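For the sequence shown, the numbering used here gives the first residue as 52, with consecutive numbering after it. Each residue gets a CB set at the ideal place from its N, CA and C atoms; glycine is no exception. Bear in mind the structure is a predicted one, so any value in this text is a computation, not a measurement. Notes to accompany the following structure.
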Amino acid sequence: MGEVIKNSNFRKLFLSNLFSGVGQGMTMIGISWYMVELTGTARLLGSTMIISAILTLLIGPFAGTMIDRFSRKAILQFEQLAGFTVLLIVSVWGWLGTYSEWIIVLIYLSSIFIFYMHESAQSAFVQEIFEPKLYGSINSFLEIENQTALVLSGALAGILLEKFGLHVVLILNALAYLLAFLNLLGINYVFTSKEKLKLDTRNSWLSMFYESWRFIKRRRGLMIFGVAALIPFIAVMLVNLLNPIFVSHSLKADVKIYSLGEVTYSIGALFSGICTTIITRKLSSSSYMVANYFMMIVALILTVTFPNAGIFLLCSALIGWSNVSTRLIRQNMYMELLPNHLIGRVLSFFKSIGTLLRLLLLALFTIIIDLNGVAVGYFILAGILSLATIGIFLSFRLLLKEKD
52 MGEVIKNSNF RKLFLSNLFS GVGQGMTMIG ISWYMVELTG TARLLGSTMI ISAILTLLIG
112 PFAGTMIDRF SRKAILQFEQ LAGFTVLLIV SVWGWLGTYS EWIIVLIYLS SIFIFYMHES
172 AQSAFVQEIF EPKLYGSINS FLEIENQTAL VLSGALAGIL LEKFGLHVVL ILNALAYLLA
232 FLNLLGINYV FTSKEKLKLD TRNSWLSMFY ESWRFIKRRR GLMIFGVAAL IPFIAVMLVN
292 LLNPIFVSHS LKADVKIYSL GEVTYSIGAL FSGICTTIIT RKLSSSSYMV ANYFMMIVAL
352 ILTVTFPNAG IFLLCSALIG WSNVSTRLIR QNMYMELLPN HLIGRVLSFF KSIGTLLRLL
412 LLALFTIIID LNGVAVGYFI LAGILSLATI GIFLSFRLLL KEKD
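Written out as structure tokens, the structure is:
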């Protein structure tokens, strides 16, 4: 890891990612809170979340193609400048008057789009400018940073919203995006994929997307791995829906226990980011990934089998550990398996599948929870993870054959 820290390009990327992460996190927390405060219900927030999921599903192929077609550094800087510009304008609007619903929804959707582009563009950027031997350490550092930014965002947003209001939060977030942009300026970078793509007027967006589909279709192991590797992330998204209901109705506890669950999740995720690279040096990626799937399954079952605040907090930490561990392995695998000129499109393809699965499960859970109670949701997620575990086991065997 010392070699990574000494790398000047990494240090600049690290700072840029930290500032953009804090800006993104505080914006999402502030906007989500303001939506509920503005309307007095969760209806506007829920509707906006559904709209954002549908939009990201639709723009997935376009976003992936854009990441592979243009300079990844330019894309990251464009999103940071866009975040700075939009939030600065809206914060000034807040100083002069009040926020209407459509402005709040616009900020939320803009933030979601920026985050959607950022994750895939940054993965392609890291793969392009660093040596393969550094991927594991870099991804671990960035994951630790993301979890730290999440904790900082939550703490700062809570204090600033209560004392100063949304407009102050937004102007600070705008400045965070500007600092992120300035840090990226100093990174030495030449867009190499352009030569591989041989781009000219004949390369349409559709033909470029179809090229990535042909690549995936020829590799059954990659297809199975890509879908199965999404499940822990989807499970965590749905656990975020289940946990408030479980704490309130099953544990009969207050918001403090729910908040502590978020904290223990972040602690588990943070330690996972620190330890995963070390563990995978001694244990194969496939074995460690399967072990983390089992850990998440056990945590979900224990949560509802023994409805106790202490068990809930422990299981939240285990889920945080498992989710980050599997995400880091998935990220490293993609960087090893995918050509740099295709990585944006392939990642966007799998993210679109993940969004579709999440929408379907959200609709299912909305019906099931009211009819059968919240515990059923945890058991369904444990069942889906069990199937995904089989998929991971099979995919690694197929990937080894495809590699040979």
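Among Arg448, Phe129, Leu364 and Tyr186, which residue has its Cα nearest to the Cα of Val471? The question about residue 471 has no answer here: the residues shown for the chain are numbered 52 through 455.
In terms of residues, what are the limits of the alpha helix (DSSP H) holding Glu170? Glu152 to Ile180
Would a check of beta-carbon distances place Leu217 closer than 8 Å to chain B? Any reference to chain B falls outside this structure, which holds one protein chain only.
Consult DSSP for Pro183 and reduce its assignment to one of helix, strand or coil. Looking at Pro183 - three-state DSSP - the assignment turns out to be helix.
CA nearest to the CA of Leu89, picked from Ala414, Val219, Ile154 and Thr406: Ile154
Inter-residue CB distance, Leu139 and Ala225 (contact presumed, cutoff 8 Å): About 4 Å separates the two Cβ atoms, so the contact holds.
Proximity below 8 Å, CB of Ile195 to CB of Ile325: yes
Which of the three DSSP states, helix, strand or coil, is assigned to Phe215? coil
DSSP three-state assignment for Asn343, whether helix, strand or coil: helix
Length of the line joining the Cα atoms of Lys124 and Ala304: 46 Å
Using the C-alpha atoms, what's the distance from Gly442 back to Gln382? 17 Å
Any heavy atom of the ligand SAH closer than 7 Å to the beta-carbon of Leu293? With respect to the ligand SAH, the structure offers nothing, as it holds no ligand at all.
CA-CA distance, Ile348 and Ile394? 30 Å
Pick out whichever of Leu201, Ile165 and Ile267 has its Cα sitting closest to the Cα of Tyr228. Ile165
Report buried or exposed for Tyr261, applying the criterion of at least 16 other Cβ atoms within 10 angstroms of its Cβ. exposed
Proximity below 8 Å, CB of Leu379 to CB of Ser191: yes
Compare the Cα-Cα distances from Thr440 to each of Gly111, Tyr344, Val375 and Lys214 and report the closest residue. Tyr344
Quick one: what's got a C-beta closer than 7 Å to Leu407's C-beta in the same chain, skipping five residues either side? Leu108
Relative to the alpha-carbon of Gly434, which residue among Ile418, Lys402, Ser337 and Ala279 has its alpha-carbon at the smallest distance? With distances taken between Cα atoms, Gly434 lies closest to Ala279.
Does the structure place the region 354-362 close enough to the region 289-302 that three or more beta carbon pairs sit under 8 Å? yes
DSSP-derived helix/strand/coil call for Lys303: coil
Give me the residue from Trp146, Tyr150 and Gly74 with the minimum Cα distance to Ala133. Gly74
Alpha helix (DSSP H) segments (min. 4 residues) lying fully within the region 315-397: 336-356 and 360-388
Trp264: which of Asn58, Leu106, Ser399 and Arg62 sits nearest, CA to CA? Residue Ser399 is the option with its Cα nearest to Trp264.
Grab me the residues of His300's own chain with a C-beta within less than 7 Å of its C-beta, minus the 5 sequence neighbours each way, in chain order. Val425
Cβ of Gly371 within 8 Å of Cβ of Ser335? no
Are Leu273 and Leu64 closer than 8 Å when you measure CB to CB? no
Got a sec? Which residues, its chain only, sit under 6 Å from Ala175 by beta carbon, not counting five neighbours each side? Ile118, Arg123, Ile394 and Gly395
Below 8 Å on the Cβ atoms is my guess for Gly428 versus Ile418; work out the distance and round it to an integer in Å. 11 Å between Cβ atoms; not a contact.
Can you tell me which of the three DSSP states Arg269 falls into? coil
Rounded straight-line distance, which links the Cα of Leu203 to that of Phe129: 24 Å
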